[in-house]
Amino acid sequence: MIGALVLVLAAVGFGLYWFQPWKLWADRTVSEAVPPTAPSTAPADPSAVPSAPAKPAGPQTLATGTLISHEHSTTGTVRVVKLADGSRILRIENLDTSNGPDLKVWVTDAPVREGKAGWHVFDDGAHLSLGDLKGNKGDQNYALPDEFDPGKYTSVSIWCDRFDVSFGAATLEAA
0 MIGALVLVLA
10 AVGFGLYWFQ
20 PWKLWADRTV
30 SEAVPPTAPS
40 TAPADPSAVP
50 SAPAKPAGPQ
60 TLATGTLISH
70 EHSTTGTVRV
80 VKLADGSRIL
90 RIENLDTSNG
100 PDLKVWVTDA
110 PVREGKAGWH
120 VFDDGAHLSL
130 GDLKGNKGDQ
140 NYALPDEFDP
150 GKYTSVSIWC
160 DRFDVSFGAA
170 TLEAA
């Protein structure tokens, strides 16, 4: 009798750890701004004419996409942004999805498909993990590594690594 009770408690404990059902009711909102632009360097002599055209001082949007729902209802937009220092970030804006265990942000080479056909495709080919999803709601930034090639990585997925399923995804289209 005690052995059976221990087994049941162990199974319940493992199930709670594995599925983490409380996350379905616990939202985490993130409100990150686009990183600031580089400070303007004005010429010392206001009448001086710059010898070369000035580079854009602010962030430039290189690609955009709209998130669609997969395993869980997901909305928001994504942007690949080139910052003034030349680095690039993936920006997720107005995200609204379910919280869950082991959620990651991936850029992938997989096509975005609607419905169940799109739930499991993102780990079939090339993908780069940008790290843990910071929150299931709000605006957030993820540094893109140097190996990010927008010609190769054409989609974004909010990926549940524990269950190998996409919560939502977006196709990246050149801006």
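Using numbering that gives the first Met the number 0, the letters of the sequence shown map in sequence onto residues 0 to 174.
Beta carbons: idealized from backbone N, C-alpha and C, even for Gly.
Rounded C-alpha distance that separates Thr-107 from Lys-115: Position 108 of the sequence shown holds residue 107. Position 116 of the sequence shown holds residue 115. Rounded to whole angstroms, Thr-107 to Lys-115 spans 18 Å at the Cα level.
Helix, strand or coil for Ala-125? Go by DSSP, reduced to three states. Within the sequence shown, the letter at position 126 stands for residue 125. Correct three-state label for Ala-125: coil.
Using the C-alpha atoms, what's the distance from Pro-58 back to Ser-39? On the sequence shown, residue 39 is found 40 positions in, with the first residue counted as 1. On the sequence shown, residue 58 is found 59 positions in, with the first residue counted as 1. Its pLDDT being 47, under 50, Ser-39 is placed unreliably by the model, and the measurement read from it follows with that caveat. C-alpha separation (whole angstroms): 13 Å.
Ser-154: which of Gly-137, Val-33, Asp-122 sits nearest, CA to CA? If you number the sequence shown from 1, residue 154 lands on position 155. Comparing Cα-Cα distances from Ser-154 to each of Gly-137, Val-33, Asp-122, the minimum goes to Asp-122.
Whose CA, out of Leu-171, Phe-166, Glu-146, Glu-172, lies closest to the CA of Ser-86? Here residue 86 refers to the residue found at position 87 when the sequence shown is read from its first residue. Among Leu-171, Phe-166, Glu-146, Glu-172, the Cα nearest to that of Ser-86 is on Glu-146.
Helix or strand or just coil, what does DSSP make of Ala-83? Taking the first residue of the sequence shown as 1, we reach residue 83 at position 84. Coil at Ala-83, not helix or strand.
Between the CA atoms of Leu-129 and Ile-157 - distance to the nearest angstrom: By one-based count along the sequence shown, residue 157 stands at place 158. By one-based count along the sequence shown, residue 129 stands at place 130. In a straight line, the C-alpha of Ile-157 is about 10 Å away from that of Leu-129.
Is Lys-115 helix, strand or coil by DSSP? As a position in the sequence shown, residue 115 is number 116, starting the count at 1. It is helical.
What's the call for Ala-169, buried or exposed, on a 16-neighbour Cβ count within 10 Å? Position 170 of the sequence shown, counted from the start, is the residue given in the question as residue 169. Ala-169 is buried by the Cβ-count criterion.
Less than 8 Å between C-beta atoms, sequence neighbours within five positions excluded: which residues of the same chain meet that for Glu-92? Stepping through the sequence shown from its first residue, residue 92 is reached at position 93. Gly-75, Thr-76, Val-77, Arg-78, Asp-138, listed in sequence order.
Please report the Cβ distance between Cys-159 and Gly-117, rounded to the nearest whole angstrom; I am assuming they are in contact, meaning their Cβ atoms lie under 8 Å. For the purposes of this step, residue 159 is identified with residue 160 of the sequence shown, where counting begins at 1. For the purposes of this step, residue 117 is identified with residue 118 of the sequence shown, where counting begins at 1. Wrong, their Cβ atoms sit about 13 Å apart, outside the cutoff.
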